[in-house]
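Q: Residue numbers (our numbering), protein chains in the order written: chain A, 44 to 186; chain B, 44 to 186. Handing you this structure, nothing more for now.
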DNA sequence: AATGCAATTGCAAATCGTTTGCAATAAAAA
DNA sequence: TTTTTATTGCAAACGATTTGCAATTGCATT
Ligand SMILES: [Mn+2]
Ligand SMILES: [Mn+2]
Ligand SMILES: [Zn+2]
Ligand SMILES: [Zn+2]
């Protein structure tokens with residue numbers, strides 16, 4: 044069980060390889076994703092992008108996120124509540140603990156849990172394609 | 044790790060205790076929930092209810108599900124994709140494996156995983172309020 | 001059984017996050 | 001540069017769920 048720190052992927056190279064155009068809105072959005080290590084939603088990305096170039100639209104943010112997701116460059120999470128949240132896909136696999144009071148997202152990883160999941164699926168005659176493990180909790184009150 | 048079978052809760056008694064009225068639409072919906080052991084969504088419940096009483100509206104289905112959820116009588120799941128799915132809340136806790144080809148939902152439970160989750164949250168300084176563990180997989184091809 | 005009244009209903013319209021059609025714009029190939 | 005075509009912003013559409021409201025109904029009271 045341990046935390047993660049992600050580092051800078053070269054999204055532009057990925058996009059180029061995918062044969063799509065490097066536009067100004069995309070460059071701005073990629074910049075934001077690169078220098079972010081939390082789990083922003085589309086609206087947050089939109090606002091940060093607007094600060095750089097106020098002509099960028101929310102549609103373009105959504106379209107870009109979908110594109111990056113299809114390229115496997117980012118992950119989309121549907122935590123409880125409203126909007127989807129995104130994060131870079133470069134680091135190793137991890138799951139999330141969500142602070143239900145603040146909305147903070149804490150990353151963790153457990154080889155033991157991952158292995159048990161495999162074991163369970165296998166026993167049921169399945170291969171896991173992907174999974175979702177989310178803990179919703181609140182900071183322990185110093186008793 | 045094992046499967047579950049749920050059995051018939053007395054929703055009407057629960058409603059009565061909660062001080063709400065036992066109306067015809069509610070009775071129909073409760074009947075459907077009682078005799079169902081899968082994880083239907085609101086639309087499915089609505090259709091089954093319509094078959095009994097075609098005047099029941101989808102709004103009422105949603106309102107009733109929300110009511111039952113607040114009473115703790117049912118659980119609402121937000122699996123991947125479209126609509127929320129519901130199930131009776133009486134049985135023991137379990138998690139779900141979703142067949143990504145058929146949409147089938149298979150229930151399982153692992154004390155080991157549950158314990159590990161607790162351990163992880165504790166190490167991070169949190170108390171788990173609830174969690175969500177969903178495995179998305181596909182039937183193993185008999186090699 | 002008839003009354004009174006608040007809770008519940010069906011309906012249509014609203015909401016929210018996300019997607020999409022389309023005409024205008026801008027990348028990048030020529 | 002010009003041409004070609006992907007990408008954009010905008011507004012409108014979307015799908016699931018919720019909500020306002022007037023009409024109805026459960027049910028506690030006579
Ligand atoms: Mn993460
Ligand atoms: Mn279940
Ligand atoms: Zn995991
Ligand atoms: Zn569990």
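Beta carbons are placed, not taken as given, at the ideal position from N, Cα and C, and that holds for glycine.
In chain B, which residues lie less than 7 Å from residue 174 of chain A when you measure between Cβ atoms?
A: Result: 177, 178, 179.
Q: Could you list which residues in chain B have their beta carbon closer than 7 Å to that of residue 182 of chain A, in chain order?
A: Those are 168, 169, listed as they occur along chain B.
Q: Please list the terminal residues of the continuous beta strand (DSSP E) segment that includes residue 128 of chain A.
A: Start and end: 128 to 131.
Q: Is residue 44 of chain A close to chain B, meaning its C-beta is less than 8 Å from at least one C-beta of that chain?
A: Model confidence at residue 44 of chain A stands at a pLDDT of 46, short of 50, so the residue's coordinates are unreliable; what they give is reported in the following sentence. Yes, residue 44 of chain A lies at the interface with chain B (some Cβ there is under 8 Å from its Cβ).
Q: Rounding to the nearest angstrom, what Cα-Cα distance links residue 154 of chain A and residue 72 of chain A in this structure?
A: Residue 154 of chain A and residue 72 of chain A: Cα-Cα distance of roughly 33 Å.
Q: Can you find the residues in the same chain that come closer than 6 Å, C-beta to C-beta, to residue 98 of chain B, ignoring five residues on each side of it along the sequence?
A: Within the same chain, residue 98 of chain B has no close Cβ partners at all.
Q: Would you kindly work out how many angstroms separate the C-alpha atoms of residue 95 of chain B and residue 106 of chain B, rounded to a whole number?
A: Their Cα atoms are separated by approximately 18 Å.
Q: Could you list the residues in the segment 144 to 155 of chain A with a C-beta less than 7 Å from some C-beta on chain B, going in chain order?
A: Within the segment 144 to 155 of chain A, the qualifying residues are 149, 151, 153, 155.
Q: Which one of A:170, A:104, A:130 has the shortest CA to CA distance from residue 86 of chain A?
A: Among A:170, A:104, A:130, the Cα nearest to that of residue 86 of chain A is on A:104.
Q: For residue 117 of chain A, list the residues DSSP reports as bridge partners.
A: DSSP lists A:131 as partners of residue 117 of chain A.
Q: Consider the C-beta atom of residue 78 of chain B and the heavy atoms of ligand 2; say whether any pair is separated by less than 7 Å.
A: For ligand 2, not one heavy atom lies less than 7 Å from the Cβ of residue 78 of chain B.
Q: For residue 70 of chain B, which residues from the same chain have a beta carbon less than 8 Å from its beta carbon, with the 5 sequence-adjacent residues on both sides left out?
A: Once the five neighbours on either side are set aside, the close Cβ partners of residue 70 of chain B are 55.
Q: DSSP puts residue 140 of chain A in a beta bridge; with which residues?
A: DSSP output for residue 140 of chain A lists A:149, A:178 as bridge partner(s).
Q: Relative to ligand 3, is the shortest distance from any of its heavy atoms to the C-beta of residue 138 of chain A smaller than 7 Å?
A: Correct: residue 138 of chain A has its Cβ closer than 7 Å to ligand 3.
Q: Taking Cβ positions only, does residue 187 of chain A come closer than 8 Å to chain B?
A: Beyond the ends of chain A as shown, which are 44 and 186, falls residue 187 of chain A; an answer cannot be given.
Q: So, are the CB atoms of residue 117 of chain B and residue 131 of chain B less than 8 Å apart?
A: Yes.
Q: For residue 74 of chain A, report the span of its alpha helix (DSSP H) as first-last.
A: Element bounds for residue 74 of chain A: 67 to 77.
Q: By the 10 Å Cβ neighbour count, where 16 or more other Cβ atoms means buried, how is residue 90 of chain A classified, buried or exposed?
A: Under this definition residue 90 of chain A is an exposed residue.
Q: With 8 Å set as the bound, which would you pick, yes or no: does the beta-carbon of residue 127 of chain B sit closer than that to a beta-carbon of chain A?
A: Taking Cβ atoms only, chain A never reaches closer than 8 Å to residue 127 of chain B, which makes this a no.
Q: Strictly below 8 Å CB to CB, what residues from chain A border residue 164 of chain B?
A: Near residue 164 of chain B (Cβ distances below 8 Å), the residues of chain A are 140, 178, 180.
Q: Buried or exposed: which applies to residue 82 of chain B, given that a residue is buried once 16 or more other Cβ atoms fall within 10 Å of its Cβ?
A: Under this definition residue 82 of chain B is a buried residue.
Q: With DSSP collapsed to three states, give me the class of residue 53 of chain B.
A: In the structure shown, residue 53 of chain B sits in coil (DSSP, three-state: anything other than H, G, I, E or B).
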